[in-house]
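Residues in the sequence shown are numbered consecutively from 126, following the working numbering.
Cβ coordinates follow ideal geometry from the N, Cα and C atoms, glycine included.
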Amino acid sequence: MRIERIELRHVKMVLVSPFVTSMGTEYDEEHIIVRVDADGVTGWGESVAEGTPFYSYETVPTAWHILKDFLIPSVLGKDIQSIDEAIAGYAKVRGHMMAKAGIEAALWDAFAKTKGISLSSMIGGTRKKIDVGVSIGIQDSVAGLIKKVEGYISEGYKRIKIKIAPGLDMQFVEALRKEFPNLLLQVDANSAYTLDDIDLFKKMDHYNLSLIEQPLGYEDIYDHSKLQRELKTPICLDESIHSLDDTRAAIELDSCRIINIKPGRVGGFTESKRIHDYCASMNIPVWCGGMLESGIGRAGNVALASLSNFTLPGDISASKRYYKHDIVDPEFVVNPDGTMDVPTKPGIGVDVNIKMLDQVTVRSEVQKM
Ligand code: OSB
Ligand code: MG
């Protein structure tokens, strides 16, 4: 496949409601859309670097720089036979997983379209439908949170995740567990706590949570192992896992018993699949995290979550849970039974709505051979 043209678009999409976490409040989401044209097909990918360096050190400008000056030049004008060959071409670039995942996703889509198969089958997915959940930001009041949760349950969502932060934690957990005794419920701290908070987590351990996501440091693996040994609730790592090697360290140290896989955080679908396969061999369940993606990134997450060891519902919600209008057609919807259909058309399986994409694009740049 000869890579003829690559376009980057910095997009900014307004969220339907602000997303509050221990890291701050997001009103809109900035990402980079990558378009690859090769051999008469167009591949699309999304780099989930955000406008701020609060979840990850990567931001839209850093990912743009790495894509423009290193990743794109390593593939542009070349006749590339496989994704692995493309990855090998930029393997010497250290870190910058979100930048790498953006171009890798566009190449996966282009290859799948060339072969005339869905991204899900090209990745090795087996499910036709995936179980989905929803991630809810910190709410102003317990009553407001209960109302939100009721709404999402009535839409079908199979599990609820709530964001927590110091002082904004137990009251929400207690109230939800009381109101919904059998709900699949989990919490995400985004690294807001330390081992000094161990008593809080011991308390939380009594509320039958499915997991506690990334309670401690964003690079930490060691302290999480100390916390996990005091808890029966599984810890799930998000921020700390950037590779299969991190995953092996975390599992061998018993720092977590579940892994959140986000392709953006680990450099793409190739590394995601390696982590998935290793976790399957170790009996560690995985689920697909989210970065408030547009439909382009969401399509990739849905395809990834169709792999067999994605046994827990992902942070993969309907387009309308995030944005008034998505940039893909059809938009992603949740079935009343809490599943989402895995697209079957070639590649990401949804069309990019160029008119909508133009409306959210704040800057673009093209490199041609
Ligand atoms: O920690 O999982 C996270 C969104 C942005 C950055 C980090 C996280 C999240 C979410 C939202 O929890 C997941 C989604 O896309 O629905
Ligand atoms: Mg998380």
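- In this structure, the straight-line span from the alpha carbon of Glu490 to that of Tyr403 is close to 38 Å.
- The beta carbon of Ser142 sits no closer than 6 Å to any heavy atom of ligand 1.
- DSSP, reduced to helix, strand and coil, places Leu320 within a helical segment of the structure shown.
- For Gln492, the enclosing beta strand (DSSP E) begins and ends at Thr486 to Lys493.
- For His367, there is no enclosing alpha helix (DSSP H), as DSSP gives it neither H nor E.
- Taking C-beta atoms as the reference points, Glu154 and Leu432 fail to come closer than 7 Å.
- Contact between Ser260 and Ala428 does not hold, since their C-beta atoms are separated by about 20 Å, which reaches or exceeds 8 Å.
- In the displayed model, Asn434 falls within coil according to three-state DSSP, outside both helix and strand.
- CA-CA distance, Ile278 to Met329, rounds to 22 Å.
- Selection Thr251, Val145 and Val159 evaluated against Arg488 yields Val159 as nearest (Cα-Cα).
- Membership of Leu244 in the alpha helix (DSSP H) is indicated by the continuous run Leu244 to Ile248.
- Here the C-alpha atom of Gly168 lies approximately 22 Å from the C-alpha atom of Arg399.
- With a cut-off of 6 Å, the C-beta of Gly415 is classified as near ligand 1, since at least one heavy atom of the ligand falls inside that distance.
- Of Glu183, Val161 and Lys193, the smallest CA-CA separation from Met222 is found for Glu183.
- Residue range Ile128 to Thr146 is occupied by the beta strand (DSSP E) that includes Lys137.
- Every beta strand (DSSP E) of 3 residues or more that sits fully in the region 372-404 is shown, in chain order, as 383-386.
- Membership of Tyr277 in the alpha helix (DSSP H) is indicated by the continuous run Val267 to Glu280.
- By the Cβ neighbour-count rule, Glu171 is buried, with 16 or more other Cβ atoms within 10 Å of its own.
- Remark: three or more beta-carbon pairs, one from each stretch, lie closer than 8 Å, so the region 315-333 and the region 134-148 are flagged as touching.
- Taking non-hydrogen atoms of ligand 1 into account, the C-beta of Asn315 is found less than 6 Å away from one of them.
- In the three-state DSSP reduction, Ile205 falls in the coil class, being neither helix nor strand.
- If you draw a straight line from the Cα of His349 to the Cα of Lys445, it comes to about 35 Å.
- Within the same chain, Ser368 and Leu369 come within 7 Å of Glu396 by CB-CB distance, once the 5 residues on both sides are set aside.
- Segment contact: the region 434-443 against the region 405-422, three or more CB-CB distances shorter than 8 Å; contact assigned.
- For Lys238, the uninterrupted alpha helix (DSSP H) run begins and ends at Met222 to Lys240, by DSSP.
- A straight-line Cα-Cα distance of about 9 Å links Thr464 and Gly258.
- DSSP places Leu310 inside the beta strand (DSSP E), whose first and last residues are Leu310 to Asp313.
- The shortest C-alpha to C-alpha distance from Ala163 to any of Lys193, Gly202, Met295 and Pro178 is the one to Gly202.
- Where Thr150 is concerned, there is no enclosing alpha helix (DSSP H), although the beta strand (DSSP E) around it starts and stops at Gly149 to Ala163.
- At a threshold of 6 Å, Tyr182 does not count as near ligand 1, since its beta carbon sits no closer than that to any of the ligand's heavy atoms.
- Rounded to the nearest whole angstrom, the CA to CA distance from Ile384 to His156 is 24 Å.
- Taking the Cβ atoms as the reference, Leu482 lies roughly 7 Å from Arg134, within the contact range of under 8 Å.
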